[in-house]
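Asks: Submitted below is the structure of interest, expressed as structure tokens.
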């Protein structure tokens, strides 16, 4: 152990330290150094044994310092000069060391407990869930034990039952017919004996040879009572006849007739409306009250429905007159197109509130980008919707052309509101790369017009992509399908017109709508097949 300073002291200890020396505290010297280098040569066996018990290095140095400090403090205490500050400091240091050791031990114990609990109870790889899994799973240990005990014919239960209840068991032999001492043979003999005894006893009771038989007793009683029966028979007959005579008011028949007549009168009175407290009158009164209450409820309900319908109609008319109706028209159209595009694997985006390629230009309400599965993947279709009047076909063509340029789209679809569309406009028409159609916000059947328009636009995108790639595709078949779709959509518009004007021809209208709808779906399938052929030829 070495502590360095400007001074050096050397002491050789060969035995017990001499206690006859005067101690002068260095703390009282104002020039005491901050460090002191001490070299000790010890020859005391006890000190050497105690110090060498610690490993050489910092641990041994700390122990020697602590022993030296404790010795100095003991000398001071012996001379009455205890250093209270040093004692406090050492006490605090010992407490901190003890606290740090306890915290480290607590953390170590906590980690060991957590590790052990996780090792046993972790739901993913713990031993306890794994043990439960092995125990409870199909063909697990529990199932094997149960199967071995109560399973098939080789189980312990089956063998035990077979031993006591099987074909070769004592019970089976006892219940069988083969053994002479079996239970069934003994029971048969016992029953036969009992039946024979009963038969003989019954025959004796009905035999005239036995004086105490039941038949002889019956004959004697009949002979004794024959005279009494002969004398009382006429009286009994007269009494019975009198009970069934209507001439006698106290007879049973007269009393029965009176009771029936009284009951009939009471029943008639209960089912008569002339009596206010009869059952029928009370039921009629209750039914009238219930019907009156239903009438009042129905009247109130009709008034509520009428007021609600009037309010809805007023809101609808107000929205139609306001500027927000156009926004509602565009939002609903975008919702329908979004659902259609999602089913087809395309991406529909609302662009009516954002500017496009042309500065400060927001023309083009919806843009549909064909999905990666389509042969013309990445192609864009722009849709412009107008619910306001004042748009004819020429102006609409200018508007949709501007929308295609503004949104960098190949195909454009202009959607007129059927309420404000120009007169004579066809339901579906095409001019080059522009498609014009009708749609009604309040009529879900017109969604088919939008679907047909989008299908034609997707086919035109495929055609445009094929022309650019110089591929061989049956464009005549695609054109015929497009023309057939236009024709079928026109027929569907005619059906709508007939349905609005002729209510009594609903059956014919529904049949024609079904036929045209099937034809329209067939043409859409033709377009899809043509697009698939185009895609396959491109690959």
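Numbering (UniProt numbering), first residue to last: 1 to 539.
Glycine is no exception: its CB is placed at the ideal position from the N, C-alpha and C atoms.
#1: Taking only the alpha-carbon atoms, compute the straight-line gap between residue 331 and residue 285 and give it to the nearest angstrom.
#2: Rounded to a whole number of angstroms, what is the C-alpha to C-alpha distance between residue 22 and residue 104?
#3: Distance check for residue 452 and residue 430, CA to CA, integer angstroms please.
#4: Note down, in chain order, each residue of its chain lying with its Cβ closer than 8 Å to the Cβ of residue 329, except the 5 sequence neighbours on either side.
#5: Closer than 8 Å is the cut-off here; do at least three beta carbon pairs connect the region 398 to 408 with the region 340 to 357?
#6: Taking the beta carbon of residue 197 as the centre, do at least 16 other beta carbons fall within 10 Å, making it buried, or is it exposed?
#7: Among 41, 435, 77, which has the Cα closest to the Cα of residue 64?
#8: Comparing C-alpha positions only, which one of 419, 400, 123 sits nearest to residue 436?
#9: Does the Cβ-Cβ distance between residue 370 and residue 381 come in under 9 Å?
#10: My understanding is that residue 348 touches residue 337, with C-beta atoms under 8 Å, so please give their C-beta distance in whole angstroms.
#11: In this structure, how does DSSP classify residue 210 when only helix, strand and coil are distinguished?
#12: Do residue 522 and residue 462 come within 9 Å of each other at the CB atom, strictly closer than that value?
#13: Looking at the structure shown, is residue 138 part of a helix, part of a strand, or coil, going by DSSP?
#14: Our contact map puts residue 422 next to residue 443 with C-beta atoms below 8 Å; I'd like the distance itself, whole angstroms only.
#15: Identify the continuous beta strand (DSSP E) that holds residue 423 and give its terminal residues.
#16: Helix, strand or coil for residue 437, going by three-state DSSP, please let me know.
#17: Please list, in chain order, all residues of the same chain as residue 208 whose beta carbon is under 7 Å from its beta carbon, the five residues on each side excluded.
#18: By Cβ distance below 8 Å, which residues in the same chain neighbour residue 87 in space, the five residues on each side in sequence not counted?
#19: Can the beta-carbon of residue 205 be found closer than 9 Å to that of residue 213?
#20: Quick check: residue 158 and residue 150, are their CB atoms within less than 9 Å of each other?
#21: Use the C-beta contact count for residue 458: other C-beta atoms within 10 angstroms, 16 or more gives buried, fewer gives exposed.
#22: On the three-state DSSP scale, how would you describe residue 628?
#23: Distance check for residue 68 and residue 28, CA to CA, integer angstroms please.
#24: For residue 384, which beta-bridge partners are listed by DSSP?
#25: Measure how close the beta-carbons of residue 333 and residue 415 come, nearest whole angstrom, since I'm counting them as under 8 Å.
#26: Look at residue 363 and residue 402 and say whether their C-beta atoms are less than 9 Å apart.
#27: Compare the C-beta of residue 140 against all C-beta atoms of chain C and say whether one is closer than 9 Å.
#28: With which residues is residue 431 paired in a DSSP beta bridge?
#29: Residue 427 to residue 450, Cα distance in whole Å?
#30: If you follow the alpha helix (DSSP H) that residue 264 is part of, which residue opens it and which one closes it?
#31: Rounding to the nearest angstrom, what Cα-Cα distance links residue 448 and residue 136 in this structure?
#32: Is residue 358 helix, strand or coil by DSSP?
#33: Using the Cα positions of residue 559 and residue 102, report the straight-line distance between them to the nearest angstrom.
#34: Note down the Cα distance separating residue 259 from residue 253, rounded to an integer number of angstroms.
Replies: In short, the structure shows the following:
#1: 57 Å
#2: Confidence at residue 22 is low in this model, with a pLDDT of 44, below 50, so its placement is unreliable and no value can be given for it.
#3: 12 Å
#4: 385, 387, 417, 441
#5: yes
#6: The residue is exposed, with fewer than 16 neighbouring Cβ atoms inside 10 Å.
#7: 41
#8: 400
#9: yes
#10: Taking 8 Å as the upper bound for CB-CB distance, residue 348 and residue 337 are in contact here, some 5 Å apart.
#11: coil
#12: no
#13: coil
#14: Rounded, the Cβ-Cβ distance is 18 Å, inconsistent with contact.
#15: Per DSSP, residue 423 belongs to no beta strand (DSSP E) and is neither H nor E.
#16: DSSP places residue 437 in strand when its eight states are reduced to three.
#17: 215, 216
#18: Once the five neighbours on either side are set aside, the close Cβ partners of residue 87 are 73.
#19: yes
#20: yes
#21: buried
#22: Because the chain spans 1 through 539 in this model, residue 628 falls outside it and cannot be assessed.
#23: Caution applies to residue 28, whose pLDDT of 46 falls short of 50 and renders its modelled position unreliable; the value that the coordinates give is listed next. When rounded, the distance between both Cα atoms is 19 Å.
#24: 414
#25: 6 Å
#26: For residue 363 and residue 402, yes; Cβs fall inside 9 Å.
#27: The chain labelled as chain C is not found in the depicted structure, where only one protein chain is given.
#28: Partner(s): 434.
#29: Residue 427 and residue 450 have their alpha carbons spaced roughly 10 Å apart.
#30: 252 to 270
#31: 58 Å
#32: coil
#33: Nothing in the structure corresponds to residue 559, since the chain is present only between 1 and 539.
#34: 10 Å
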